[in-house]
Amino acid sequence: MKRDYIEFLMILGWMVVSTSAAATQRDVEIRDSYSNFDYAYRVALPQGLVGFRDPAPAPNHGFGVTLKEGAYLWVDASYNSPLWDSLDAAADARLESRWEEGFGGVKQIERNPTRLGSLKAVRLVLGYVDKTGTAMAEELILAMRAPKVKGEVKIIYTIGVRVPESHRDAVEGVLQQFVRGFQLQPLP
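In my numbering, each residue carries its 1-based index in the sequence shown increased by 5.
Structure follows, in structure tokens:
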């Protein structure tokens, strides 16, 4: 049951990211900064980059940015519905989701502790071959925030970028600009 729910959330997250990859006329444009009251965070966008998110009434978890050379960056916050007990468990689930989505040669390249704002975080770098046969690199920063009220569900913050491996150098440093621009806000 728990595994089915985790799979559902991973597929839902991938659908949100995938459908947001190409901006439509209906998408809400984000420039300069993005604030999310529900999940209590703010992100400054690097100069010259424009993000997009789905318009209301779609859930407002975050946004995506289409970068050069086929790269895509996303920022997301979601409740820890699968109830992962640690950042490592969340990172393991992300790695496992790539296998479940049918990508080939999935491997963990790096996993190190880091920070996202004032939160402890984990940096995860994955390599895989997508369904088109393209070798991809994916870098994620995952952080977990305790709830305001004990017993409530934690929030998982994710900033990630995926790029064809052959163009990884073209987006080097962009993820870190978003990480530096991340700030927690008071929980509602």
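Just so you know, even glycine gets a beta-carbon here, dropped at the ideal spot from N, CA and C.
Same chain only: Cβ atoms within 6 Å of residue i, ignoring 5 sequence neighbours per side
i      : result
ILE116 : The identity of residue 116 in the sequence shown is Arg, whereas the question assumes Ile. Cβ neighbours of ARG116 beyond the five flanking positions: LEU129.
PHE187 : VAL48, LEU121, GLY122
ARG58  : VAL33, PHE68
PRO60  : ARG31, VAL33
HIS172 : GLU74
HIS66  : ASP81, ALA82, SER83
VAL35  : The residue asked about is misnamed: residue 35 is Ile in this sequence, not Val. Correct list, in chain order: GLY56, PHE68.
VAL154 : none
Among the options, the one whose alpha carbon lies nearest that of residue i
i      : options                        : result
VAL55  : SER171, VAL179, PRO193, ILE161 : VAL179
TYR44  : PRO152, PHE183, SER123, LEU88  : PRO152
PHE42  : PRO51, GLU74, PRO64, GLU34     : PRO64
ARG99  : GLU143, SER38, PRO193, PHE57   : GLU143
THR137 : GLY53, GLY109, VAL127, VAL158  : GLY109
GLU157 : LEU72, LEU50, ASN85            : ASN85
LEU124 : GLU101, MET149, GLY107, GLU106 : MET149
LYS159 : SER83, TRP79, LEU50, GLY53     : SER83
GLN127 : VAL111, LEU145, LYS112, ASP135 : As written in the sequence, residue 127 is Val, which differs from the Gln given in the question. With distances taken between Cα atoms, VAL127 lies closest to LEU145.
Cβ-Cβ distance between residue i and residue j below 8 Å
i      : j      : result
TYR77  : ARG103 : no
ALA95  : ILE164 : no
ALA140 : PRO169 : yes
LEU147 : LEU92  : yes
ILE114 : LEU88  : no
LEU189 : TYR39  : no
VAL176 : VAL184 : no
GLN182 : PRO51  : yes
Near the ligand ADP: residue i beta-carbon under 7 Å from a heavy atom
i      : result
SER171 : The ligand content of the structure shown is nil, which means the ligand ADP is not present either.
Three-state class that DSSP yields for residue i in the structure shown
i      : result
GLU105 : helix
ARG246 : This structure cannot speak to residue 246, because the chain is shown only from 6 to 193.
PHE183 : helix
GLU34  : strand
8 Å CB neighbourhood of residue i in its chain, flanking five on each side removed
i      : result
ALA26  : Because ALA26 sits at a pLDDT of 49, beneath the cut-off of 50, its placement in the model cannot be relied upon, and the following sentence gives the value as read from the coordinates. Hits under 8 Å: GLY69, THR71, TYR77.
TRP19  : Low confidence applies here, because TRP19 scores a pLDDT of 42, under 50, leaving its location unreliable and the question unanswered by this model.
LYS112 : LEU131, GLY132, TYR133
ASP37  : ALA49, LEU50
Which ranges would you report for the alpha helix (DSSP H) in the segment 81-157 if only whole runs of at least 4 residues count? 92-105
Minimum length 3: unbroken beta strand (DSSP E) runs contained in the segment 54-82: 56-58, 67-71
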